Structure formats: C-alpha cells, structure tokens
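Asks: Supplied in structure tokens, the structure appears directly below.
Number of protein chains: 2
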Amino acid sequence: MSRLDRSLIAHMAPFEGLNPTELDRMIGQARALRITKDHAVFDQEQDAHSFFLLLDGYVRVIKTTPDGEEVTVRYISPGELMGIASALGRTTYPASAIAVVDCVVLAWPSGMWSEFASAFPNFGANTYRTVGNRLQDAHARVVEMSTEQVDQRVAHALLKLVRQSGKRTDEGLLIDFPLSRQDIAEMTGTTLHTVSRLLTAWEEQGLVRSGRQKVTVVEPHRLLMLAEGRTEKT
Amino acid sequence: MSRLDRSLIAHMAPFEGLNPTELDRMIGQARALRITKDHAVFDQEQDAHSFFLLLDGYVRVIKTTPDGEEVTVRYISPGELMGIASALGRTTYPASAIAVVDCVVLAWPSGMWSEFASAFPNFGANTYRTVGNRLQDAHARVVEMSTEQVDQRVAHALLKLVRQSGKRTDEGLLIDFPLSRQDIAEMTGTTLHTVSRLLTAWEEQGLVRSGRQKVTVVEPHRLLMLAEGRTEKT
DNA sequence: ACTCTTCTTTGATGCGGCGCAAAATACTTG
DNA sequence: CAAGTATTTTGCGCCGCATCAAAGAAGAGT
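Protein chains in written order, with the UniProt record's numbering: chain A, 1 to 234; chain B, 1 to 234.
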C-alpha cells in the first residue's frame, strides 16, 4: 500500500492555512481510492460513511428523480471536497457522484468530520465557505431556470465549465473531459436535441467548435454576451 | 428598552441542546427589532453586519436579477435563522429579506458568529444542519424546475407553504400570510396569469379555495397527486 | 474490415404557457 | 360613498422548445 504525502493536498483550497503537522495528521487518516470512469464515488440515499477529496479527474454530481430522470447538480474538479453530508448533519448522501474519467480520490470516514473541524478550525472554515459557495450556486441556478431561456442557460453552463476546466488549445478553450449533448441537457433542464441545434448554430457563427463528447469555446466573450441576453447582431 | 428572556427562544430549533446559562448568554447579546410589513430585514449585496432569528411573522427571501426580475428563494417562519452569511464565510448578504407581515426579529452582530459557534457547539451544529437542509431545498428546486411542468411546480409550492404555515380552518388549510398570484409566480418561475388560471381551475375541481392574497388548500392529498404528476381523472 | 453501440444531427409537428390587452373585482383613503 | 389603487380574471395569438421519428457519424469490440 502506497504512502500518502502531504504535498498531495498542501496546495489545495480546503487545506489553506493548515500547517505541515496538521496536514500530516489529516492525510494520515485518509484512504486513497481509484474510481474508474462511469463508476460511482457514492450513491444517492446511501449511508454517508465517508467524505471525499478529488485528487485527480472529474466527477459529476447528479440527482435522480423518482421517474428516472437525471439532473446534474455540478461538476467537481481536482482539489474540491465532495460527499460532505456529515458536515451538514446528514446521514445519507443527497446525490450520486459519478466519475466522468478515471479518478483518484481521498476518503475519510464521516465520523472523523467533527474531530477535524474542531481540531483544525481553518479546515472547518474553508469547508463551510465551500458550502456557502455551493448554496449560492444552487440559488443562482434557480434564478437562471426561472428567468432565462434555454440558449442563455446553455451558454452559462458552458462558460461555467470552461472556467472550471478550460484548457487552452489552438482552437480556443477546450472543456477538459468528455461532455455529451445529453450531459449538457441534464445541466440545463432541456433536451439533447435542443442542445445539438444550439451548438450547431453557434458553430456556424464561430462561437464554439464541438464534436463527439467534446466542446471548445472559441469566443468566450461573445458567448457571454449571449448568456447575459444582450441582443446579438448577426 | 425591554428585557429579553430566554423563554423566547428556548423552544426553537436552532437552540436545541443549549442549557439555560447558554441561552442567557446568547440572548444577552441580541437586539430585538420590529420590522413593519414590506420593509427589509436585510438587503442583497449589502454588508452582512448581523444575522437574525425570526421571532414572529413571516419573511420572504428574494433574489433580484440585474434586469429587475424577482425570484423568491424561500419563506422564513418563526424560529428560523436568516442572514447567516457569516456562518458561511461571506461578507455580504446573497439575497434580500422582506417582511410579508409585521415581524419581530432578534439580531446578533455577525462578528459574534464564530464565538457562538465555538462556545456552543450545539448551536453550531444546529445551524449547519439548517444550512444543509436549505442546500437540499435549493437542489430540489433545481430538479423541479428542470423536470416538472408549471402546474406541478405550483402545486408543490402551495404544499410547501401549507406545511410551513398551514392553519386549519373550516374550509381547509389556510396559508397564514398574504400571498398573491404574483408571489406564487415568483416562487415557481412562471407568470401571475398562469397561476391565476391554475387556481381557478383547481377551485372548480374543489382542490383549493382562494381569494385576494389568500389561498386555502382544501384537498392536500389530491393536490399532492397532481404535484407528483400522476394523471388526474376528471 | 465489419458489426454494434453510442452519440449526434436534422426534420416535422404540436402544444404549454408567455405576452399583450382589457375588464372585473376587492380593498383603501379621503 | 366616490374615487383611486392593487389584485385578479379572462381572451387570444403566437413562439420556443419538447416530442416523435429516423438517419448519419464516430468509436469500440471482435
């Protein structure tokens, strides 16, 4: 079994303000896991035994409705915590987390949460700041869904993904993991058909370039204008 | 100036598990405020100087979009905390809170949050449980907006309000504060026109009774079936 | 190279619910 | 009680986008 070193996590936002000793104590309790593509890190409704840190890869957090529809809550990037139900006094996971590529995660037993939070106040504060941001995001999503048209929502979704995982290429900013039309539809509350039509239209206007499970934003600025709803001059 | 007594708050959820001494210490630092109907408890974007507990009345939490549309995030009932930006490491309020009737609130300076949280761990845990619930709610809203039709969303909204503030009357369960078609529209991402049509249709079917700024749910069960989308047999 | 599967594109059709307009009703205030 | 204001109702036309259907395109497996 491989040793875990604090350098793995020292630079990550949740651990900001922790000294080396503290980092060692935290990582000493962690288990590293590999999650292969399309497998779950944790499942909705299940007992929240652990909380996680994503070290490498990308994870999609989804909620499944009683009648089987899937809604994507968010994408997790390396350095983000997930499954922190225990920090919020829950005993089950409210959503499922699926690896969209092969991933590496660290896992801590949920029971350890309160211990960490009181022993390392910075860690607690960092986590709650994250929770605050996610609450904000969720409310922003509600506002978007209430007030914006589909094209604006899709534009916003793409911009968010680009901000989170955009990689410079010679064509523009490539979203760094496989992302299908269906995936985008599940983020924006529409259908893959509509997403497909929008992307081809935008491709004709030179805003994006896209292919199978891959989207590159060529002109973020013009896409933002569209997202904000200021009228487009052809 | 009136003395505040711990009996005001002792039975409220955020203070569960606190002993009388602790309650006294907390309430000793609080200021009581009256907020008259239609006035703000706090405003979006403003410096988060205080956090609040609603003692009496009802408060609507809203987000305003750049172009002036208002989206209702939630209604607050007596015994609930609000404006707890500081617990999540924010320095400004992410939304505005408006009294829908004359209200009484307690206010504590934001700076006191961390002190309370560490001195009274139960209070901290209770608060974070609340935050967890709100995050859940927000995600549930996103799922609703993504997958449900307007009539289902309106039905869900009414049921939520009834659960929160339903008062038994001889007609059914009355929502205990003034609530216009416009208000319902802002909760569900639709227009007052559509809400009006739905309510009159439901009234004809005997599901609800409603008048000016007032809604009574007559048959919660049938309304729930409608909310869940199981088809109605006329 | 060929088949199978997954993902994407594109067309045709229909409808839920929004936008607009105007009237009716319910409170409020002098 | 009359005038003024806020809220609700209702009709009508239209359009954004879902739904249904089917055919391409791109990889994956053998």
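Quick reminder that beta carbons are idealized off the backbone N, C-alpha and C, glycines included.
This one's a predicted model, so the numbers in the text were calculated from it and none came from an experiment.
Could you please give me the residues that DSSP links to B:I35 through a beta bridge?
Replies: The partner list for B:I35 (beta bridge, DSSP) reads B:C103.
Asks: Taking only beta-carbon atoms, is B:R134 less than 8 Å away from chain A?
Replies: Yes, B:R134 lies at the interface with chain A (some Cβ there is under 8 Å from its Cβ).
Asks: Go to B:A40, then tell me how far its beta strand (DSSP E) extends in each direction, as first and last residue.
Replies: Per DSSP, B:A40 belongs to the beta strand (DSSP E) from 40 to 42.
Asks: Could you tell me whether any Cβ in chain B is nearer than 8 Å to the Cβ of A:H139?
Replies: So, interface residue.
Asks: Going by DSSP in three states, B:S77 sits in which element: helix, strand or coil?
Replies: Coil, per DSSP.
Asks: Cβ of A:P94 less than 8 Å from any chain B Cβ?
Replies: Yes, because at least one Cβ of chain B sits closer than 8 Å to the Cβ of A:P94.
Asks: Verify the CB distance criterion: does B:K63 have a CB-CB separation below 8 Å to chain A?
Replies: With 8 Å as the cut-off, B:K63 counts as an interface residue toward chain A.
Asks: First and last residue of the alpha helix (DSSP H) that includes A:V150?
Replies: First-last of the alpha helix (DSSP H) with A:V150: 150 to 165.
Asks: Let me know the secondary structure DSSP gives A:G28 once reduced to three states.
Replies: Reduced to three states, the DSSP call for A:G28 is helix.
Asks: Measuring only the C-alpha atoms, how far is B:D47 from B:G111?
Replies: If you take the alpha carbons of B:D47 and B:G111, they lie about 12 Å apart.
Asks: Kindly list the residues whose CB is nearer than 7 Å to the CB of A:R90, restricted to its own chain and excluding five residues on each side of it in sequence; keep chain order.
Replies: Contacts found: A48.
Asks: Can you confirm whether A:G89, when its beta carbon is compared against all beta carbons of chain B, has any partner nearer than 8 Å?
Replies: Yes, because at least one Cβ of chain B sits closer than 8 Å to the Cβ of A:G89.
Asks: Go ahead and pull the three-state DSSP assignment for B:F51.
Replies: It is a strand residue.
Asks: B:Q152: which of B:L199, B:T65, B:L18, B:R34 sits nearest, CA to CA?
Replies: Minimum Cα distance to B:Q152 is reached at B:L199.
Asks: Taking CB distances under 8 Å as the criterion, tell me whether A:M145 reaches chain B.
Replies: For A:M145, the answer is yes, since a Cβ of chain B falls inside 8 Å of its Cβ.
Asks: Please state the DSSP three-state secondary structure of B:I9.
Replies: DSSP places B:I9 in coil when its eight states are reduced to three.
Asks: Tell me, please, whether the CB atom of B:E232 is closer than 8 Å to any CB atom in chain A?
Replies: Below a pLDDT of 50, predicted positions are generally treated as unreliable, and B:E232, at 49, falls in that range; no measurement from the model is reported.
Asks: If we define contact as Cβ-Cβ less than 8 Å, is B:G68 a contact residue for chain A?
Replies: B:G68 does not count as touching chain A.
Asks: Helix, strand or coil: how does DSSP classify A:R70 here?
Replies: The sequence shown places Glu at residue 70 of chain A, not Arg. Residue state, collapsed to three classes: strand.
Asks: Nearest CA to the CA of B:P94: which residue from B:H221, B:E80, B:Q44, B:E203?
Replies: Cα-wise, what sits closest to B:P94 is B:Q44.
Asks: For the segment 162 to 192 of chain A, which residues have a CB atom closer than 7 Å to at least one CB atom of chain B, in sequence order?
Replies: Cβ contacts with chain B: G189.
Asks: Does DSSP put B:D183 in a helix, a strand or coil?
Replies: Correct three-state label for B:D183: helix.
Asks: Please report the distance separating the alpha-carbon of A:V131 from that of B:M225.
Replies: Rounded to whole angstroms, A:V131 to B:M225 spans 33 Å at the Cα level.
Asks: Using the beta-carbon of each residue, which ones in chain B are nearer than 8 Å to A:Y75?
Replies: Chain B residues near A:Y75: none, gap ~14 Å exceeds 8 Å.
Asks: Are the beta-carbon atoms belonging to A:L174 and A:T127 less than 8 Å from one another?
Replies: Result no, Cβ atoms of A:L174 and A:T127 do not sit closer than 8 Å.
Asks: Count the CB pairs spanning the segment 12 to 21 of chain B and the segment 201 to 214 of chain A that are closer than 8 Å, and state whether there are at least three.
Replies: Counting Cβ pairs under 8 Å, fewer than three are found: no touch.
Asks: Which residues in the same chain have their Cβ closer than 6 Å to the Cβ of A:I76, if we skip the five residues on either side of it in sequence?
Replies: If we look at A:I76 and ignore the five residues flanking it on each side, its Cβ neighbours are L54, V59, M82.
Asks: What are the boundary residues of the alpha helix (DSSP H) that includes A:L199?
Replies: That run of the alpha helix (DSSP H) goes 192 to 204.
Asks: For the candidate residues B:H221, B:S210, B:V150, whose alpha-carbon lies nearest to that of B:T194?
Replies: Cα-wise, what sits closest to B:T194 is B:V150.
Asks: When the Cα of B:F116 is compared with those of B:G17, B:A155, B:M26, B:S50, which residue comes out closest?
Replies: Among B:G17, B:A155, B:M26, B:S50, the Cα nearest to that of B:F116 belongs to B:M26.
Asks: Step through the CB atoms of chain A and report whether any lies within less than 8 Å of the CB of residue 237 of chain B.
Replies: Only positions 1 to 234 of chain B appear in this structure, which leaves residue 237 of chain B out of reach.
Asks: Under the three-state reduction of DSSP, which class applies to A:D56: helix, strand or coil?
Replies: It is a strand residue.
Asks: Quick one: what's B:T92 bridged to in DSSP?
Replies: DSSP lists B:D47 as partners of B:T92.
Asks: Who are the Cβ neighbours of A:E22 in its own chain at under 6 Å, not counting the five residues just before and after it?
Replies: The answer, listed in chain order, is F120.
Asks: Between B:A185 and A:L18, what straight-line distance do the alpha-carbon atoms span, to the nearest angstrom?
Replies: Cα to Cα, B:A185 sits roughly 47 Å from A:L18.
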